[in-house]
Amino acid sequence: MDDGNLVRILPASSSREQAPINLSGSATDDDSIEVQVIPVEHVPSVQMVPILRPLVEKDGHLAAHANSNSLIVAASRRTIAKIRQMLETLDQEAESELETIPLKHASATDIVTTLQTLAGSGGAGGPGNPNTGTGTKLVAEERTNSVLVSGNVGFRERIKRIISQLDTPVKDNRNIHVVALHFAKAEDLAPIIEKLATVRAPVSPAAGSPGAQEQVPSVQADVETNSLIITARPGRMKELRSVIRRLDVRRSQVLVEALIAEVSLTKEAELGIQWLGASDELLESTSGDDDTSAGEAIASLLGTSAVSQGTLVGLLHGGGMSFAAIGRALDNDSDSNILSTPSILTLDNHEAEITVGQEVPFTTGSYTTTTGDATNPFQTITREDVGLTLKITPQISKGKAVVLDIDQEISSVVPGSAASDNPITSKRTIKTKVVVDDESILVLGGLIDDRISEAETRVPLLGDIPVLGELFTHRKNTSEKRNLMIFIRPSILRDSYKNLNATRKRHKEVRDMQLVKQQAGITLLPEAEHPVLKQLDARGREIEPQPVKQKKSTDDTNGLWKH
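Counting with the numbering used here, you get residues 658 to 1220 for the letters of the sequence shown.
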């Protein structure tokens, strides 16, 4: 036995323990003892051991390593060379045969994926590994829920043994899952998840065929607990849970503040002059020239020059005039009438509606019935809402912009017709879709209404004289044009912190008005006080007022405090 520069002579019985390991695979034709690892390409190495063992000396060793599909030989170099020559003849690729393995419980796609994963992690040729050489393939046939196996007999037998262990029934309770929702509504989310699960689910086999127990995922909504009851396999359920987590999120809210007013066109110049002093960056009008200043743009919205152009739209930026300043300017003008100042808080992409008005009866028909000598007249009446209706659907876009879908309607009974059976109503509507930045003010205007009024004045006593009283009576008919103006400011509330700030701001406004009334007092009841809301702390909780401590008098002239 060669050992570097020495030649060692050992008994044959102990030579294999002392033999060197040759990993290069080179072979020489002599009687030196060594150990070599010979890979087998096409046939299982275990099958080659009984065939090649007779070629090994009595004191040699031959074994198979199944995981690497290799032969380990400890023998003379001459014997190892003979084994290699024999393997070149026997280790040939055999003709592969195709076999179909039907499944009863498991999914063919899942079984093939599991076997391929096992092949990639465990090497080639192992007892539990499907990859034993070239020419072996695994294909999932979903229509019949079967696995197609191509390879030699040994490979196919191992695959069948593994599949028989995996193709077992699964208890139904493992496939039923209850998912509790926190923000979304179960009845709204259930159809979306069910459609997604059905589209991505494999085709269900026909009854009685292999794999007939495979069920298509189903989704049911439980309204009482706001939960989804889903029946699906664990793999599919993992995908559905990921989708549900993305949809069941807290949605942002939008606080929409509106100011709706009627402005008389006879005073539009005065009101326009007040706004002409504003900054040119205050208003950005969507009509008119680019050089139009803020005051001129507001005046055009209020003036007669805007009437012929129809509905006008403008934007008041938050850095200029405040929303409260607009309200005060309109409230102080006797020729302006603030119809309503609604405030609506709604979810993103959800319609909100507010209606302020009254039901007015309208006669739709009449008929009479005769009973003997009596005639009974009847009328059919329909009641309709007359007043203010505001519908707004906000949609928060990228950044701080809000898309507003606005549907505004103002209706009223024409003066003088309310006493008749068929009152006449006037209606003004605005329906538009605009994009507004967060906390910017949107201005809608241009809806004109003619208001006709009659006034009569007479001299007391003299005006009541028949015929001659007309000389002491004055009648006047006036026609007034009024412009409907709508100011809208959306504010995005993304979290509870902004919600609290909006609540405290509105609470402070109401409390300040109550304090003003309390200071003014009640004329007929000087001892009475107006109710005032309690203050709120930083967390929005009411602060209990502290009792006022009365100081003890230090006047001891009467000796009351002497000891």
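Idealized CB from N, CA, C, for every residue including glycine. Please read all numbers here as calculations on a predicted model, not as lab measurements.
Status (buried if at least 16 other CB within 10 Å, exposed otherwise) for residue 825:
The residue labelled residue 825 in the question sits at position 168 within the sequence shown. Residue 825 should be labelled exposed.
Need the endpoints of the beta strand (DSSP E) that residue 1062 sits in, please.
Along the sequence shown, one-based indexing puts residue 1062 at 405. Its beta strand (DSSP E) spans residues 1058 to 1070.
With 8 Å set as the bound, which would you pick, yes or no: does the beta-carbon of residue 766 sit closer than that to a beta-carbon of chain C?
The chain labelled as chain C is not found in the depicted structure, where only one protein chain is given.
Quick test of your reading: residue 799 and residue 805, contact by CB under 8 Å. State the CB separation rounded to the nearest angstrom.
Locating residue 799 in the sequence shown gives position 142, where the first residue counts as 1. Locating residue 805 in the sequence shown gives position 148, where the first residue counts as 1. Going by Cβ atoms, the distance from residue 799 to residue 805 rounds to 11 Å, so no, they are not a contact pair.
Endpoints, alpha helix (DSSP H) assigned at residue 1166:
Within the sequence shown, the letter at position 509 stands for residue 1166. Per DSSP, the unbroken alpha helix (DSSP H) holding residue 1166 starts and ends at 1153 to 1177.
Do the segment 906 to 913 and the segment 1138 to 1154 touch if we need at least three Cβ pairs shorter than 8 Å?
Cβ pair count under 8 Å is three or more, so yes.
Identify whether residue 1202 lies in helix, strand or coil by the three-state DSSP scheme.
Locating residue 1202 in the sequence shown gives position 545, where the first residue counts as 1. Here residue 1202 carries a coil assignment [DSSP, helix/strand/coil].
Nearest-angstrom Cα separation, counted from residue 1130 out to residue 1112:
On the sequence shown, position 455 is the one that residue 1112 refers to. On the sequence shown, position 473 is the one that residue 1130 refers to. Spanning the two alpha carbons is a distance of roughly 11 Å.
Under three-state DSSP, which class holds residue 842?
Position 185 of the sequence shown holds residue 842. Under the three-state reduction of DSSP output, residue 842 falls in the coil class, being neither helix nor strand.
Please say whether residue 1044 and residue 1065 have beta carbons closer to each other than 8 Å?
The sequence position of residue 1065 within the sequence shown is 408, counting from 1. The sequence position of residue 1044 within the sequence shown is 387, counting from 1. The Cβ-Cβ distance between residue 1065 and residue 1044 does not fall below 8 Å.
According to DSSP, residue 1048 sits in a beta bridge with which residue or residues?
Against the sequence shown, residue 1048 aligns to sequence position 391. Looking at the DSSP output, residue 1048 bridges to 1010 and 1064.
So what's residue 769 in DSSP terms, helix, strand or just coil?
As a working mapping, residue 769 is identified with position 112 in the sequence shown. Looking at residue 769 - three-state DSSP - the assignment turns out to be helix.
Alpha carbon to alpha carbon, how far is residue 882 from residue 914?
By 1-based counting over the sequence shown, the position of residue 882 is 225. By 1-based counting over the sequence shown, the position of residue 914 is 257. Approximately 34 Å, taken between the alpha carbons.
Using only alpha-carbon positions, find the residue among 729, 840, 713 and 689 that is nearest to residue 703.
For the purposes of this step, residue 703 is taken as residue 46 along the sequence shown, with counting starting at 1. When the alpha-carbon of residue 703 is set against those of 729, 840, 713 and 689, the nearest one is in 729.
Could you tell me which of 763, 765, 794 and 759 sits nearest to residue 776, measuring between CA atoms?
Sequence index remark: in the sequence shown, residue 776 carries index 119 (1-based). Closest by alpha carbon: 794.
Using alpha carbons as the reference points, say which of 1200, 1099 and 1001 lies closest to residue 1156.
Indexing the sequence shown from 1 puts residue 1156 at position 499. Nearest C-alpha to residue 1156: 1001.
Report buried or exposed for residue 717, applying the criterion of at least 16 other Cβ atoms within 10 angstroms of its Cβ.
Along the sequence shown, one-based indexing puts residue 717 at 60. Note on residue 717: 16 or more other CB atoms within 10 angstroms of its CB, so buried under the neighbour-count rule.
Whole-angstrom distance between residue 715 and residue 705, CA atom to CA atom
Stepping through the sequence shown from its first residue, residue 705 is reached at position 48. Stepping through the sequence shown from its first residue, residue 715 is reached at position 58. One alpha carbon belongs to residue 705, the other to residue 715, and they sit about 18 Å apart.
Spell out a yes or no on whether the segment 753 to 760 and the segment 880 to 894 are touching, meaning 3 or more CB-CB pairs, one atom from each, closer than 8 Å.
The segment 753 to 760 makes no contact with the segment 880 to 894, as fewer than three CB pairs between them are under 8 Å.
Taking C-beta to C-beta, are residue 1042 and residue 1012 nearer than 8 Å?
Residue numbering aside, residue 1042 sits at position 385 when the sequence shown is read from its first letter. Residue numbering aside, residue 1012 sits at position 355 when the sequence shown is read from its first letter. With contacts defined as CB atoms closer than 8 Å, residue 1042 and residue 1012 qualify as a contacting pair.
Within 10 Å of its beta-carbon, does residue 1158 have 16 or more other beta-carbons around it, so buried, or fewer, so exposed?
By 1-based counting over the sequence shown, the position of residue 1158 is 501. With fewer than 16 Cβ atoms within 10 Å of its Cβ, residue 1158 is classed as exposed.
Since I believe residue 743 is in contact with residue 709 (beta carbons under 8 Å), could you give me their beta-carbon distance rounded to a whole number of angstroms?
The residue labelled residue 709 in the question sits at position 52 within the sequence shown. The residue labelled residue 743 in the question sits at position 86 within the sequence shown. The Cβ separation is near 6 Å, so the contact holds.
Note the first and the last residue of the continuous beta strand (DSSP E) segment covering residue 1117.
Position 460 of the sequence shown, counted from the first residue, corresponds to residue 1117. Per DSSP, residue 1117 lies in no beta strand (DSSP E) segment and is marked neither H nor E.
List the endpoints of the continuous alpha helix (DSSP H) containing residue 820.
The count along the sequence shown starts at 1 and reaches residue 820 at position 163. Boundaries of the alpha helix (DSSP H) harbouring residue 820: 810 to 823, taken from the DSSP string.
Are the CB atoms of residue 1017 and residue 1060 within a distance shorter than 8 Å?
Here residue 1060 is taken as the residue at index 403 of the sequence shown, counted from 1. Here residue 1017 is taken as the residue at index 360 of the sequence shown, counted from 1. Going by C-beta atoms, residue 1060 is not nearer than 8 Å to residue 1017.
Report all residues from its chain with a CB closer than 8 Å to the CB of residue 688; omit the five preceding and five following residues, and keep chain order.
By 1-based counting over the sequence shown, the position of residue 688 is 31. Excluding residues within five positions, the ones whose Cβ falls inside 8 Å are 733, 734 and 735.
Quick one: grab the DSSP three-state call for residue 1191.
In the sequence shown, residue 1191 corresponds to position 534, counting from 1. It is coil, neither helix nor strand.
Thinking C-beta only, is residue 726 closer than 8 Å to residue 701?
For the purposes of this step, residue 701 is taken as the residue at position 44 of the sequence shown. For the purposes of this step, residue 726 is taken as the residue at position 69 of the sequence shown. It is a contact, given that the beta carbons lie within the stated cut-off.
As assigned by DSSP and simplified to three states, the class of residue 851
By 1-based counting over the sequence shown, the position of residue 851 is 194. Here residue 851 sits in helix by DSSP.
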